[in-house]
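In short: position in the sequence shown from 1, add 23, done, that's my numbering. Backbone N, C-alpha and C define an ideal beta-carbon position, used for all residues, glycine too. Please read all numbers here as calculations on a predicted model, not as lab measurements. Report on the structure given below.
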Amino acid sequence: MNRHARRTQDLQQASFLIVLAVVTLLMTVIVWPFFQPLLWAALAAIMFQPLYRWMLRQLKGRRNPAAALSLLVIFLVVIGPAIWIGSLVAEQALVLVGTLQKNPPNLAAIFDAVYTSLPRFARDVVDRNGWADVTMVQTRIQDLVTQSAGLIATQAVSIGSGALSFFLSFGVALYVMFFLLRDGERIGRTVLCAVPVERSIADRLTERFLGIVRATIKGTGVVALVQGALGWLTLVIAGVPSALLFGVIMAIFALVPVIGSGAVWVPAGIWLLISGQTWQGLFVLLTGFFVISSADNVLRPILVGRDTGIPDWIILVTTLGGISLVGFSGIVLGPLVAGLFLASWSILREQRDADEEAARQSSIQVDRAGHAPDHPAAD
């Protein structure tokens, strides 16, 4: 091939890559409004792939009925109860805010009860730091409750006006999930064959990605649900109002490393103790410490079987960053991106070590060949 033909071929290849990049960017912009439903549909399809395979075996290889039946089971077992619980949580949130508006907590009386029970040196510390004046705190809490009521009402109106968008996104997620359940493996193999990456590296990245998805959803999501359920049951026994609301909040906090579900049950237990409900407060604190917090250590090894290899501080930073970037979906997206980031660099290091080892072995073989005698020694 002459130089002119090679230059023309290079120009055509570069032009094609530019067109491919532009089309990919336009495609990303177009589907971006449905990014979150597509993300959750893909994650659900990965998690429920074993269910689809079982359905496929039971239905003698008929893929469409197997995918449809799997989707029906997912809706009845997971999505439907989640929507029902969400409606109950919203109702309890409205009731709680309304109750606090009508009967705001008397912080002054609670503070006086705690203040008088403190030893003398502790009261002196409180007095020196100006913590004894709770009037401003009481006023700010009442303002916060009023603002919260307005915010909830505004969000309710926003949700009502955006109902069409919600149902559209929900329908898109279910529709895409059907095809991902049915054709997910084939789509994955097609993508792996198309990406300009060595096949062995692509396979390892895929394996790491699936492991991270399983660890994030099973090892984190399921544990958070269990901790939220245990917290809800604990608060119900202790007689705490709006226990379901606080249980859901506990499950959400359990998804965030370092913070955990203790961000809910610790203040709840202390509040019960301060308000004079001694056994209820001790019950919440002891159950939270010995039962709720231990669920992570007991269930995670059973559900996941192995660690993701992601340090907790990276999970914390990426989770908070994902939430700030894409909202609630960032709880899952952040750790996934962190896991793929670490996996990619780990594979790069392993590849470089393998290349160095291969070069060293080749050098040893060359040295041996160079020192080998040209003729056998005479007897």
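Could you tell me if residue i is buried or exposed, where buried requires 16 or more neighbouring beta carbons within 10 angstroms of its beta carbon?
i, result
"residue 78", "buried"
"residue 321", "exposed"
"residue 249", "buried"
"residue 260", "exposed"
"residue 194", "exposed"
"residue 284", "buried"
"residue 358", "buried"
"residue 350", "exposed"
"residue 263", "buried"
"residue 44", "exposed"
"residue 301", "exposed"
"residue 338", "buried"
"residue 255", "buried"
"residue 287", "buried"
"residue 309", "exposed"
"residue 377", "exposed"
"residue 318", "buried"
"residue 122", "exposed"
"residue 39", "exposed"
Relative to the alpha-carbon of residue i, which residue among the options has its alpha-carbon at the smallest distance?
i, options, result
"residue 189", "216, 258, 60", "60"
"residue 228", "46, 391, 361", "361"
"residue 235", "220, 251, 66", "66"
"residue 63", "314, 198, 287", "198"
"residue 374", "58, 42, 220", "220"
"residue 252", "276, 231, 348", "276"
"residue 363", "347, 341, 376, 352", "341"
"residue 101", "122, 80, 384, 68", "68"
"residue 274", "232, 311, 298", "311"
"residue 246", "204, 309, 325, 269", "325"
"residue 240", "218, 269, 278, 204", "278"
"residue 231", "58, 383, 365, 48", "365"
"residue 119", "345, 202, 268, 335", "268"
"residue 57", "40, 192, 49, 39", "192"
"residue 323", "47, 237, 299", "237"
"residue 226", "117, 370, 299, 47", "370"
"residue 200", "113, 72, 233", "72"
Taking only the alpha-carbon atoms, compute the straight-line gap between residue i and residue j and give it to the nearest angstrom.
i, j, result
"residue 381", "residue 333", "29 Å"
"residue 209", "residue 368", "27 Å"
"residue 280", "residue 74", "30 Å"
"residue 292", "residue 108", "24 Å"
"residue 27", "residue 34", "11 Å"
"residue 90", "residue 83", "13 Å"
"residue 111", "residue 98", "18 Å"
"residue 32", "residue 70", "44 Å"
"residue 184", "residue 125", "Low per-residue confidence applies at residue 184: pLDDT is 47, beneath 50, and the placement is therefore not dependable enough to give any value."
"residue 271", "residue 216", "42 Å"
"residue 304", "residue 313", "14 Å"
"residue 212", "residue 42", "24 Å"
"residue 115", "residue 265", "6 Å"
"residue 355", "residue 391", "54 Å"
"residue 86", "residue 307", "49 Å"
"residue 289", "residue 282", "11 Å"
"residue 94", "residue 207", "14 Å"
"residue 52", "residue 388", "54 Å"
"residue 54", "residue 352", "16 Å"
"residue 343", "residue 29", "50 Å"
"residue 196", "residue 81", "25 Å"
"residue 384", "residue 36", "37 Å"
"residue 316", "residue 257", "13 Å"
"residue 224", "residue 218", "11 Å"
"residue 182", "residue 106", "Residue confidence for residue 182 is low, a pLDDT of 48 falling below 50, so the modelled location carries little weight; the figure read from the coordinates is stated next. Between residue 182 and residue 106, the C-alpha separation is close to 14 Å."
"residue 49", "residue 103", "34 Å"
"residue 295", "residue 143", "24 Å"
"residue 346", "residue 386", "51 Å"
"residue 243", "residue 202", "26 Å"
"residue 336", "residue 372", "22 Å"
"residue 205", "residue 96", "15 Å"
"residue 348", "residue 379", "40 Å"
"residue 76", "residue 298", "54 Å"
"residue 214", "residue 233", "15 Å"
"residue 222", "residue 46", "24 Å"
"residue 113", "residue 88", "36 Å"
"residue 21", "residue 117", "Summary: the structure shown does not reach residue 21, with the chain confined to residues 24 through 402, and so no result is reported for it."
Inset, instruction - At 4 residues or longer, and completely inside the region 276-358: list those alpha helix (DSSP H) runs for me, N to C. - result: 285-297, 301-310, 317-327, 335-349
Inset, instruction - Identify every run of the alpha helix (DSSP H) within the region 76-123, keeping only runs that are complete inside it and at least 4 residues long; order them along the chain. - result: 86-97
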